[in-house]
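Chains as they are written, first to last, in my numbering: chain A, 2 to 370; chain B, 421 to 801. No residue lacks a Cβ here, since even glycine has one placed at the ideal position from N, Cα and C.
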Amino acid sequence: MDFGFTEEQDLLRAEVRKWLDQNCSMDEVRKITEAEGGEGFSRQHWKAIAELGWLGLTIPEEHGGAGLGWVDLVVLLEETGRSLFPSPLLANTIAAAAIQEAGSDEQQARLLPGLADGSVIATLAVQEDSGPPEVSAVRLEGERDGDAVVLQGEKVFVPDAAAADLLIVACRIGDDVALAALRADSDGVAASDEPGMDLTKRLGRVRLDAARGEVLERGGAEVLTRIVDRATAAVTAEMIGAGEGAIALTADYAKERTQFGSPIGRYQGVKHPLAEMYVDVESFKSLLYYAAWCLDESPDEALRYVSMAKAYASEALARIGIDAVQLHGAVGYTWEFDAHLYLKRSKWARPMFGDSDYHYERVASLGGL
Amino acid sequence: MDFTLTPEEEAFRDGVRAFLDENLPEDAKRTDPGFVAGWQKKVREKRWVGFSWPKEVGGGGGSIMEQAILKEEMAKRKAPPLGGCFMGIQWVGPAIIAYGTEEQKQKFIPDILDGAYQWCTGYSEPDYGSDLGALQCKAVREGEEYVVTGQKIWTSIAMWSKWIILLVRTSNHGDDKHKGITCLLVRMDSPGITVRPIKNMSGGAMFAEVFFDDVRVPAENRLGDEGEGWRVTITALAHERSGIAEVESLTRNLDALKKLARELERSGEASVRRRIAVMETRIQAMRMSGLRALTKQLRGEPLGSETSVNKLLRAQLEVEMGDFAVDLQGCAGPLVAGESVSDGGRWQKMSLSWPEVVIGGGTPNIQKNIIAERILGLPKD
Numbered sequence: 002m003d004f005g006f007t008e009e010q011d012l013l014r015a016e017v018r019k020w021l022d023q024n025c026s027m028d029e030v031r032k033i034t035e036a037e038g039g040e041g042f043s044r045q046h047w048k049a050i051a052e053l054g055w056l057g058l059t060i061p062e063e064h065g066g067a068g069l070g071w072v073d074l075v076v077l078l079e080e081t082g083r084s085l086f087p088s089p090l091l092a093n094t095i096a097a098a099a100i101q102e103a104g105s106d107e108q109q110a111r112l113l114p115g116l117a118d119g120s121v122i123a124t125l126a127v128q129e130d131s132g133p134p135e136v137s138a139v140r141l142e143g144e145r146d147g148d149a150v151v152l153q154g155e156k157v158f159v160p161d162a163a164a165a166d167l168l169i170v171a172c173r174i175g176d177d178v179a180l181a182a183l184r185a186d187s188d189g190v191a192a193s194d195e196p197g198m199d200l201t202k203r204l205g206r207v208r209l210d211a212a213r214g215e216v217l218e219r220g221g222a223e224v225l226t227r228i229v230d231r232a233t234a235a236v237t238a239e240m241i242g243a244g245e246g247a248i249a250l251t252a253d254y255a256k257e258r259t260q261f262g263s264p265i266g267r268y269q270g271v272k273h274p275l276a277e278m279y280v281d282v283e284s285f286k287s288l289l290y291y292a293a294w295c296l297d298e299s300p301d302e303a304l305r306y307v308s309m310a311k312a313y314a315s316e317a318l319a320r321i322g323i324d325a326v327q328l329h330g331a332v333g334y335t336w337e338f339d340a341h342l343y344l345k346r347s348k349w350a351r352p353m354f355g356d357s358d359y360h361y362e363r364v365a366s367l368g369g370l
Numbered sequence: 421m422d423f424t425l426t427p428e429e430e431a432f433r434d435g436v437r438a439f440l441d442e443n444l445p446e447d448a449k450r451t452d453p454g455f456v457a458g459w460q461k462k463v464r465e466k467r468w469v470g471f472s473w474p475k476e477v478g479g480g481g482g483s484i485m486e487q488a489i490l491k492e493e494m495a496k497r498k499a500p501p502l503g504g505c506f507m508g509i510q511w512v513g514p515a516i517i518a519y520g521t522e523e524q525k526q527k528f529i530p531d532i533l534d535g536a537y538q539w540c541t542g543y544s545e546p547d548y549g550s551d552l553g554a555l556q557c558k559a560v561r562e563g564e565e566y567v568v569t570g571q572k573i574w575t576s577i578a579m580w581s582k583w584i585i586l587l588v589r590t591s592n593h594g595d596d597k598h599k600g601i602t603c604l605l606v607r608m609d610s611p612g613i614t615v616r617p618i619k620n621m622s623g624g625a626m627f628a629e630v631f632f633d634d635v636r637v638p639a640e641n642r643l644g645d646e647g648e649g650w651r652v653t654i655t656a657l658a659h660e661r662s663g664i665a666e667v668e669s670l671t672r673n674l675d676a677l678k679k680l681a682r683e684l685e686r687s688g689e690a691s692v693r694r695r696i697a698v699m700e701t702r703i704q705a706m707r708m709s710g711l712r713a714l715t716k717q718l719r720g721e722p723l724g725s726e727t728s729v730n731k732l733l734r735a736q737l738e739v740e741m742g743d744f745a746v747d748l749q750g751c752a753g754p755l756v757a758g759e760s761v762s763d764g765g766r767w768q769k770m771s772l773s774w775p776e777v778v779i780g781g782g783t784p785n786i787q788k789n790i791i792a793e794r795i796l797g798l799p800k801d
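The structure is reproduced here in structure tokens:
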């Protein structure tokens, strides 16, 4: 029994953190995301992290990746979450997981290398309304035309929609749920991002008007559920990092800021909320680590633990974001101080792939209620 | 990460299960004194009492991993405790093994393992509870004896105990209050000791005030050096559990709550389902954090925050479970007996007994101070 990281995983974490500290400080995050008319991420960073192997971390070696597991991915995403790293990395990773789960061997061999080497930015489009990502809510119509599928409809809340070169789209062909892949520059595809609170995360809308793509051959309702579970775990991993980042920022401020002749961190009115934030992050972290292990090694258990982790994280991070701002006092309300960046990340992450109501209900059903 | 057991560990687990199949039938009367006495004899013979203690002192010499397996299997089957002397097994024994003289080990350890009598713990005082380090119960050395004067309070099972592990002040150090604390092992029938039970809010009396009026204690009953008492205590408390066994009993309670929700036809209500799911999630978080702590122990790394985190989660759960069960019963919630009350009033009892776990051993607010100061590095209060 060993519920900890390996030396290699610790090394990966140290390398990722070092690169982010050196190349994407909070000043840099702001420069990239606040740039008028900018893409919201840095193409230079994209190239660099492709070379570092981050994009292909979970893609099999024969398709140009590192062939690592979801536990390794958690290490990477905790760090990108801590730095609020603005990048389509998460979208690309989720899309890669979708291709691995649903694509035939030939499709994987053809599509995955581009995702691993960064020449293609991919994303997954599931949702059609603002509710949770239920497979039953997938309505977008697909019609087979020879080897191709013709798609008609609209997807919303698509991560990094505007940046994506390749779209993996959940659709319905007849009564069956299917997954289609299509180039974003195909005829009949219109993708655009919609303005959001969290400038480090982009969500967009994709309109498909008789757009032609290919059907991923092993897709289906069950496969889509598994893909969404992986996506949920990935989002939750970044929430761990964001939570820890918010705690570190706030604890540092509480050590420096003096009132009534003493650092405010000496007062229990400041201490206790910080301790509660810590307890919550440690707790959903433990759940997510186990969920990630299940995704690699024990798929039957994964659903339950992914839901527990995301339910807990969504509820806790909301309060962590608010407390981080509040404990800073008035400066927390300014654009200049970084506390609001974590609050906004919590707003982005809470509903992504299901909020806490949705996931707690899943926990209740799975627990026999 | 790897959650599999080695073949040896699996064999050990199967051995524990076989023992339980044979010696703990489902309908065993777990509180019947006769049954419990027989049980204690059997687990003592297996050397499962003091399982991780060194073999030289009569313990089992078991590994940390085997101990975790043993505790989990026992908890799953609602087994009676391993050993009849709770505090002796939990911290008095480990403290004596770490700091005791040869004579003390020979005198006390076998009796603790046999559950020959009870130990109680004299830490808190009326004026020094959360601020334990400032305690004032005084001991003055006179020749080969210490003379103890002062008062302890919240001393669980003091009225049924033969010995007490006692923290006293032997000197005053202005700068470091911890330096003047010494640990003594004292017979409860020593002249000058008075025990006065305190009735708690559930109506029972499990703890007491203990008064010391010129109580003479042989110097040979000092545990550790003079002024070393704080360290002795810290070591002893560090032997506290990772929380995995508690997870089993919390899970059982949760299953009973689900059953109750169904019986009361409330299991379809969104708020009921959510509250149950939140509790289930927190219990599993405790289990997973406990396994992370266990991994650190197995790797020989120092234990960090995990135990404080779990103590706080457990405190929340203890309060919430009793509260929820009473809520579920609506207007019957505040009744303690009668036909409207579910499960014979056990949940009402639970809803009034949580302070034993939640306040005993450090209030949640003290735990939060510990996390904020030791882990987040905030300045001391």
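Beta-ladder partner(s) of residue i, from DSSP
| i | result |
| --- | --- |
| PHE627/B | SER576/B and ILE618/B |
| LEU603/B | The sequence given here has Cys at residue 603/B, not Leu. DSSP, once it has assigned bridges, lists LEU587/B and LEU643/B as partnering CYS603/B. |
| TRP539/B | TRP583/B |
| LEU440/B | In DSSP, LEU440/B forms no bridge with anything. |
| THR259/A | PRO264/A |
| LYS345/A | Looking at the DSSP assignment, LYS345/A forms no beta bridge with any residue, so it has no partner. |
| PHE632/B | GLY570/B and ILE613/B |
| ARG213/A | VAL151/A |
| GLU689/B | None; GLU689/B has no bridge partner. |
Buried or exposed (CB count within 10 angstroms, at least 16 for buried), residue i
| i | result |
| --- | --- |
| LEU74/A | buried |
| THR701/B | buried |
| CYS751/B | exposed |
| GLY563/B | exposed |
| PRO722/B | exposed |
| ALA104/A | For the sequence presented, residue 104/A should be read as Gly rather than Ala. Buried, by the Cβ-count rule. |
| GLN749/B | buried |
| SER728/B | buried |
| ASN592/B | exposed |
| SER287/A | buried |
| SER131/A | exposed |
| PRO160/A | buried |
| GLY23/A | The sequence as given places Gln at residue 23/A; Gly does not occur at that position. Burial call: exposed. |
| PHE261/A | exposed |
| GLN526/B | exposed |
Cut-off 7 Å between Cβ atoms - residues of its own chain near residue i, not counting five sequence neighbours on either side
| i | result |
| --- | --- |
| GLN327/A | GLY333 |
| PHE158/A | GLN128 and LEU204 |
| TYR254/A | HIS329 |
| GLU793/B | LYS800 |
| LYS462/B | ASN443 |
| ARG707/B | ILE664 and VAL667 |
Own chain, CB closer than 8 Å to residue i, minus 5 neighbours either side, in chain order
| i | result |
| --- | --- |
| ALA676/B | ASP763 |
| ASP609/B | LYS582 |
Close beta carbons around residue i, own chain, < 6 Å, minus the five adjacent residues each side
| i | result |
| --- | --- |
| TRP580/B | GLN538 |
| LEU755/B | VAL761 |
| LEU502/B | VAL463, TRP468 and VAL469 |
| GLY644/B | TYR519, CYS603 and VAL652 |
| GLY780/B | none |
With three or more C-beta pairs closer than 8 Å as the rule, is the region 608–627 of chain B touching the region 567–587 of chain B? yes
Contacting positions in the region 42–69 of chain A - beta carbon closer than 7 Å to chain B: none
Members of the region 485–504 of chain B near chain A, C-beta cut-off 7 Å: MET485
Specify whether the region 296–316 of chain A and the region 354–363 of chain A touch according to this definition: at least 3 beta carbon pairs, one from each stretch, less than 8 Å apart. yes
Mind checking the region 564–590 of chain B against chain A and listing, in chain order, the residues whose C-beta falls within less than 8 Å of any C-beta there? none
Count Cβ pairs between the region 772–787 of chain B and the region 610–625 of chain B that sit closer than 8 Å; are there 3 or more? yes
Against chain B: residues of the region 216–236 of chain A by CB proximity under 9 Å: none
Taking 8 Å as the threshold, find out whether the region 6–22 of chain A comes into contact with the region 87–96 of chain A through three or more Cβ pairs. no
State whether the region 220–228 of chain A contacts the region 161–179 of chain A, with contact taken as three or more CB pairs (one from each stretch) at a distance under 8 Å. yes
Determine which residues of the region 784–795 of chain B have a Cβ less than 7 Å from any Cβ of chain A, and write them out in chain order. ASN785, LYS788, ASN789, ILE791, ALA792 and ILE795
Segment contact flag, the region 551–562 of chain B with the region 512–522 of chain B, C-beta cutoff 8 Å, min 3 pairs: no
If we count Cβ pairs, one from each stretch, closer than 8 Å, do we get three or more for the region 208–215 of chain A versus the region 241–248 of chain A? no
Decide if the region 779–799 of chain B is in contact with the region 273–288 of chain A; the criterion is three or more beta carbon pairs, one per stretch, under 8 Å apart. yes
Would you list, in chain order, the members of the region 316–349 of chain A that have their beta-carbon closer than 9 Å to a beta-carbon of chain B? GLU316
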